[in-house]
Structure formats: structure tokens, C-alpha cells
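In the numbering used here, the protein residues as written are 873 to 1148.
Following this line, the structure appears as C-alpha cells:
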């Protein structure tokens, strides 16, 4: 619970705490619940407000991608140049001849269409990856804020230095009747792949055929990718295990975050009503 919250509630209770620092329910139970509801409402409102920020980021990102792809199709988008290439002959002679190369942004190659296509692919994927990491970080931050107050409401402790969305979901299921709420673990897995593996789901194709016992990470990966595809989220995986995102994915992710926030809100409100 935030310091200001604890100080406020301490005045109501005479500083009576549970063994882990949460407040004991005493004769001031209604006052405590009222304060807890108030501060949870604030944190929840911040989470709800962040959804509109995410949507704005996604809309802007897709607009930027559309403009970049249109610009890339213009004739002047691809530049060409020449460099001397050496040819070694059987008689020991070395001759040179001009070799043409093409460039578009940071992409270089010997085929104009291939270079243009590579640039368009790169700009779309990197932009979506960047925005996804941003909105996931914003979502996780808001959920961890809610988790801290959920811990206080339930008189429980999440004993971790760095808390995650997964921790929030565990608390929701164990103490707030959220067993029927679908998690967002598939997006957490994709987030980790984008952040730590350059968008490559290492050995995914091999794991799909693996007959021996799988690790917990491997199980998560094999659940996450098929679930995302089944939900028509705009995600695909190529022969090199690269995870690709089309123009549906970012808004799908925001929709999942919004669903989760709303369901968390309902579960916690129901829990609070049972205490009164």
C-alpha cells in the first residue's frame, strides 16, 4: 500500500497492522474498507485511462507505417550506386567491372525490388514491436500497482522484488474469485520474445514435434503462439521462427488489456462487496 495510504488508514485504526504490514480489521472496518476502495479506484482509473493512451499510440503507429510504405513505393525511395568488382581469371589476370547496388533506408542489396521489400518489412515489424513493448510495459505497470492494493485488501504478500502481470493474475485467481478470467500470458510470452530474442521464438518448430518432457518455458511458448493465432490476432511465424505482426495485432493486444482490466475490476468490486 502506498505510504500516504498507510498513513491515512493508520489514523483510522490506531496503527494496528497484520504481521506483514497490512491493517488488521478492527472496529473501524468500514472506514478501512472505504479507504481501500478509494485508493483501489484511483489505481484502477489510471489503468482504464491508460487504455486510451495505448489506442492512440497504436493508431499513430499504424498511420506512420502506412505513410512509410507509400513513401517506399516511390521511385526515388531506392537509391543506386556502383562499386568496382574484381574478377580473377585462370591465367592470373585480374580485371574489374562496375557492379550496381541498391539501398533503401538501412537496407542494401543487388536487387532493387528485394531491397524495397526488405525495407518495408523491416519498418513495419520494428515499429509494431516498439509500440507493443511500450503498451505492454504500461499495462504491466498499472497491474502491479493494482496488485499492491489487492495484497493489502486480502492481507496477503507478493514477496518479490520485481512483480509482473503473472503475479497479479495469481492473486486474482487465489483470493478474488478470478479463476474464470483468461490470463494474458500469451502476450507476456510474445513480449519476452520481442524484448530478449529479437522477435525469434527459438526452436519453436522443433518444440512442436518434441516428444520428450518439455520445460515450463517450452510449454508456455507452445500455448502462447497457437492461442494468438487461434484468436485471429494478426500473428504468424515463418520458417525461421520469426514472429511477424500484421496491422491487426497491436489493436488486438489493446483489446486484451482492456478486457483484463474490466474483468479485474469486476472481480475486486465483487470481493469488496462481500466484506461489507
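C-beta atoms are modelled at their ideal positions from N, C-alpha and C, and glycine is treated no differently.
Query, Result
"Have a look at residue 1119 and residue 1027 and give me their C-alpha separation to the nearest angstrom.", "43 angstroms"
"Assess contact between the segment 1045-1057 and the segment 1132-1146, defined as three or more Cβ pairs (one per stretch) separated by less than 8 angstroms. Is contact present?", "yes"
"Does the segment 1002-1009 come into contact with the segment 956-963, if we say contact requires no fewer than three beta-carbon pairs (one atom in each stretch) closer than 8 angstroms?", "no"
"Would you call the segment 966-986 in contact with the segment 946-953, where contact means no fewer than 3 C-beta pairs closer than 8 angstroms?", "yes"
"If distances are taken between C-alpha atoms only, which option among 911, 926, 1142 and 1145 comes closest to residue 1024?", "911"
"Count the other CB atoms within 10 Å of the CB of residue 1068; is the residue buried (16 or more) or exposed (fewer)?", "exposed"
"Note down, one range per segment and in chain order, each alpha helix (DSSP H) of at least 4 residues found wholly within the segment 1002-1067.", "1037-1047"
"Under three-state DSSP, which class holds residue 952?", "strand"
"So residue 1072 and residue 1017 are supposed to be a Cβ contact under 8 angstroms. How far apart are they, rounded?", "Actually they are not in contact, since the Cβ atoms of residue 1072 and residue 1017 sit about 32 angstroms apart, beyond 8 angstroms."
"Tell me the rounded alpha-carbon separation between residue 893 and residue 1037.", "With a pLDDT of only 47 at residue 893, under 50, the local geometry of the prediction cannot be trusted, and no value is derived from it."
"Can you check whether the CB of residue 1096 is closer than 7 angstroms to the CB of residue 1058?", "yes"
"Please list the terminal residues of the continuous alpha helix (DSSP H) segment that includes residue 1072.", "Residue 1072 -> no alpha helix (DSSP H), and no H or E assigned at all."
"Can you give me the Cβ contacts of residue 1126 inside the same chain, cut-off strictly under 8 angstroms, excluding the 5 residues immediately before and after it?", "923, 926, 927, 930 and 1007"
"Run through the segment 910-986 for me and flag every whole beta strand (DSSP E) of 3 or more residues, listed as ranges in chain order.", "951-960, 966-976 and 979-981"
"Would you report the Cα separation of residue 1056 and residue 956, rounded to the nearest angstrom?", "54 angstroms"
"So, at 8 angstroms on beta carbons, what are the nonlocal neighbours of residue 997 in its own chain, with the 5 sequence-adjacent residues on each side left out?", "1071, 1116 and 1117"
"Where does the unbroken alpha helix (DSSP H) through residue 1111 begin, and where does it stop?", "Element bounds for residue 1111: n/a, residue is neither H nor E."
"Could you pull the start and end residues of the alpha helix (DSSP H) that residue 1151 belongs to?", "No information on residue 1151 is available, as it lies outside the stretch 873 to 1148 that the chain covers here."
"Which class does residue 1120 belong to by DSSP, given the choice of helix, strand or coil?", "coil"
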